[in-house]
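Some notes on the structure that comes next.
In the numbering used here, the protein residues as written are 667 to 742.
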């Protein structure tokens, strides 16, 4: 079974388009994941704290699996 997800977000006159596509359940895909992985050395809160010191106003977004994105817009 093929599943698709389409999300359009509107923020400050900008549009972001997120498209996802996959088969089966997420739990089943996580069980069969074979990429090497280890426990993180920092928490996501620690990473967000450091990012906000460097880039004031940064927003951290959680992505698929263990990915995160820092979104920052230069003011002025």
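We treat Cβ as the ideally placed atom computed from N, Cα and C, and that holds for glycine.
Predicted model, so just to flag it, every value in this text is computed and none were measured.
Item, Value
"Terminal residues of the continuous alpha helix (DSSP H) containing residue 714?", "710-720"
"Determine the direct distance from the alpha carbon of residue 732 to that of residue 726, and round the result to whole angstroms.", "13 Å"
"Just the C-alpha distance for residue 716 and residue 700, rounded to the nearest angstrom, thanks.", "30 Å"
"What would DSSP say about residue 701, mapped onto helix, strand or coil?", "coil"
"What separation, rounded to the nearest whole angstrom, lies between the Cα atoms of residue 709 and residue 702?", "19 Å"
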